[in-house]
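Q: Residues 4 to 146 in the numbering used here are what the sequence shown lists, from first letter to last.
I have a structure I would like to understand better, so I am pasting it below and will then ask my questions one at a time.
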Amino acid sequence: MAIVPSAPLVRNFHRAVFVLCFLSGISGLLYEVAWARMLHLLFGDTVLAVSTVLASFMAGLALGSFWIGRFIDRWRRVLAVYACLEAGIGMSALLFPEALQALAPLYVWLLVLVLAPGPRPLSPRLRASLRAHSLDGRDVASA
């Protein structure tokens, strides 16, 4: 004889899953805003920062659908897979500020490489960002 869960238990389980998915969506929007603000400080431009964040989100959705969509129907515990994916997203959110800080000198180096052929007018915010991220503290924008 099979054990059948009661209707209120199943209903509460479905509500809990709905609430968790809702909170996951809210946290995704909060990540988006926080990452756009962090990238705005690095790039000095809101359009570039928001475009980068949106492109990253869309690429993540597309790649996740492509890679995991082929195999998810074979697994029995789909909710456990979803929980593991959410944990991975949370870990990446915690590591993002450190990764951004580690990659800032590379971005500045690439920007200096692009600006090397000749002087171009820079916004004060970008000039301050270049000065803050230069290795020796000199104004790399005017070099």
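The C-beta atom is built at its ideal place from N, Cα and C for all residues, glycine as well.
With a CB to CB cut of under 8 Å and the five nearest residues on each side skipped, what residues in its chain are close to A146?
A: On the sequence shown, residue 146 is found 143 positions in, with the first residue counted as 1. Because A146 sits at a pLDDT of 48, beneath the cut-off of 50, its placement in the model cannot be relied upon, and the point is left open.
Q: Touch check for the segment 35-53 and the segment 81-95: three-plus C-beta pairs under 8 Å?
A: no
Q: Taking DSSP as the reference, what is the three-state secondary structure of R40?
A: Locating residue 40 in the sequence shown gives position 37, where the first residue counts as 1. It is helical.
Q: Which of the three DSSP states, helix, strand or coil, is assigned to D76?
A: Within the sequence shown, residue 76 is the residue found at index 73, counting from 1. Residue state, collapsed to three classes: helix.
Q: Please look up how many angstroms separate the CB atoms of M61 and L103, rounded, as I've assumed it's under 8 Å.
A: As a working note, residue 61 is residue 58 in the sequence shown. As a working note, residue 103 is residue 100 in the sequence shown. The beta-carbon separation of M61 and L103, rounded to 20 Å, does not stay under the 8 Å limit for a contact.
Q: Measure the C-alpha to C-alpha separation of F46 and W70 and round it to an integer number of angstroms.
A: Walking along the sequence shown from the start, residue 46 turns up at place 43. Walking along the sequence shown from the start, residue 70 turns up at place 67. Taking the straight line joining both Cα atoms gives about 31 Å.
Q: Within the segment 48-96, note down every full alpha helix (DSSP H) run reaching 4 residues or more, in order along the chain.
A: 49-72
Q: Under 8 Å, do S27 and E89 count as touching if we go by C-beta distance?
A: The residue given as residue 27 occupies position 24 in the sequence shown. The residue given as residue 89 occupies position 86 in the sequence shown. Going by C-beta atoms, S27 is nearer than 8 Å to E89.
Q: Helix or strand or just coil, what does DSSP make of S9?
A: Here the question's residue 9 lines up with position 6 in the sequence shown. Reduced to three states, the DSSP call for S9 is coil.
Q: With C-beta atoms as the reference, is V53 less than 8 Å away from A65?
A: Residue mapping note: residue 53 aligns to position 50 of the sequence shown, counting from 1. Residue mapping note: residue 65 aligns to position 62 of the sequence shown, counting from 1. Cβ atoms of V53 and A65: not closer than 8 Å.
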